[in-house]
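Colleague:
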Amino acid sequence: MRGDGFVTEALPITVLVQTKNEAVGISACLKGLQAFDEVIVVDSNSTDATVEIAQSLGFRVENFTWNGLYPKKKQWQLENLATRNDWILFIDADEVPTAELIAELHRQKNAMRDGRVSAFDIPLDYVFSGRVLRYGHRVVKRALVQRQKVHFPVIDDLDAPGMGELEGHYQPVTSGGAKQLRGAIRHDDKDPVRTWFDRHNRYSDWEAFLRTRPEVKDEAAKRRSRQGRIFDKVPFKPLAFFAYAYVARRGFLDGRPGLDYAIALSTYYWQIGLKVRELNRAGDDRGNGTDAS
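Numbering of the sequence shown is given in this note's numbering, commencing with residue 30 and proceeding in unit increments.
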């Protein structure tokens, strides 16, 4: 309901909220999804109060236990969960749609109905060090999809460290058109900043794995965003990313948090490069018959 007393029709979208031990932020996330027709929490065997909090707020909870194979978590949901709507919005428990995005989705309802597009790419308003970053690097996710017309690709990464049950950093494939929206999803992780570094340490393990296995790297590269494919080819990535995010994209206008974020992501790319060199050395040693241990 709008503040002027008029009732706004619910968006014909099912939101699938991805959770695992998200008791800190799940309540704020779910309370920010009132504009949508259906919300389902898809939990991965949480050991904290995530499930209890979601259920106490009246939300449906489904459990996912990964068997170590494909499909991974999001594709499993597309294949197995019964939903009231064909359009699916994937969000994490530390995310919530902004008012601007919700208004834009109302304007896009005709496009969703007539089949002009089958996926929407949505930017993130990232919160880092307590501040919403307005400048610098911007992540865009293909988060809103028509379930019958998209799929997450199978990448030969089941023996890779770092990702586990979740699909990696690549976009789902669509058989129809895709459109980028201007409205954003607010990403506000309530956990201590050390957990950001913990996650990106794992992510860099996965990225390094891909880059040292040509047959996997080529397939994964095709599934990245255009921005990601271009950046894959850039030399001296840590320095190049800092120059791009902090200078070219004016990250300095976000103050100290903008500097912190640019340095943190530059360090992430440094980690990937360092781990790639380590894996390549280990492969060379094995090829020469040397014990790399």
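We treat Cβ as the ideally placed atom computed from N, Cα and C, and that holds for glycine.
Here the structure is a predicted model, which is why all the values come from computation and not from measurement.
So the beta strand (DSSP E) V222 belongs to, where does it begin and stop?
Modeller: First-last for V222: V222 to R240, but that is the alpha helix (DSSP H), not the beta strand (DSSP E).
Colleague: What are the partner residues of I117, as DSSP defines its beta bridges?
Modeller: T43 and V174.
Colleague: Are L59 and F88 closer than 7 Å when you measure CB to CB?
Modeller: Their beta carbons are under 7 Å apart, which means L59 touches F88 by this criterion.
Colleague: Have a look at Q47 and F265 and give me their C-alpha separation to the nearest angstrom.
Modeller: Spanning the two alpha carbons is a distance of roughly 34 Å.
Colleague: Can E236 and K101 be called in contact, C-beta distance under 7 Å?
Modeller: Not in contact: E236 and K101 (Cβ atoms no closer than 7 Å).
Colleague: Helix, strand or coil for Q300, going by three-state DSSP, please let me know.
Modeller: Correct three-state label for Q300: helix.
Colleague: According to DSSP, what are the bridge partners of E67?
Modeller: According to DSSP, E67 bridges with T43.
Colleague: For E50, name the three-state secondary structure that DSSP assigns.
Modeller: Residue identity differs from the one stated: residue 50 is Asn in this sequence, not Glu. Three-state DSSP puts N50 in coil, outside helix and strand.
Colleague: Would the stretch 225-234 and the stretch 284-300 be scored as touching if the rule is three or more Cβ pairs under 8 Å?
Modeller: They touch, by the three-pair rule.
Colleague: Relative to the C-alpha of G97, which residue among V263, A132 and P190 is closest?
Modeller: It is P190.
Colleague: Taking C-alpha atoms, which residue in V161, W225 and L134 lies nearest to L173?
Modeller: For L173, the nearest C-alpha among the options comes from L134.
Colleague: DSSP three-state call for A78: helix, strand or coil?
Modeller: Residue state, collapsed to three classes: coil.
Colleague: Please say whether T79 and I55 have beta carbons closer to each other than 7 Å?
Modeller: For I55 and T79, yes; Cβs fall inside 7 Å.
Colleague: Kindly indicate which residue of P286, S147 and L62 has the alpha-carbon position closest to the one of G205.
Modeller: Of P286, S147 and L62, the residue nearest in Cα terms is S147.
Colleague: Name the residue from R279, D283, D185 and R240 whose alpha carbon lies nearest to the alpha carbon of S312.
Modeller: The sequence given here has Gly at residue 312, not Ser. The residue with the shortest Cα to Cα distance from G312 is R240.
Colleague: Rounded to whole angstroms, what is the Cα-Cα separation between D33 and A64?
Modeller: Confidence at D33 is low in this model, with a pLDDT of 42, below 50, so its placement is unreliable and the value that follows should be read with caution. One C-alpha to the other measures close to 16 Å.
Colleague: Where do the ends of the alpha helix (DSSP H) carrying L130 lie?
Modeller: Residues A128 to R136.
Colleague: Here's a check: name, in chain order, each residue in its chain whose Cβ is nearer than 8 Å to the Cβ of R285, leaving out the five neighbours to either side.
Modeller: Same-chain partners within the cutoff: S158.
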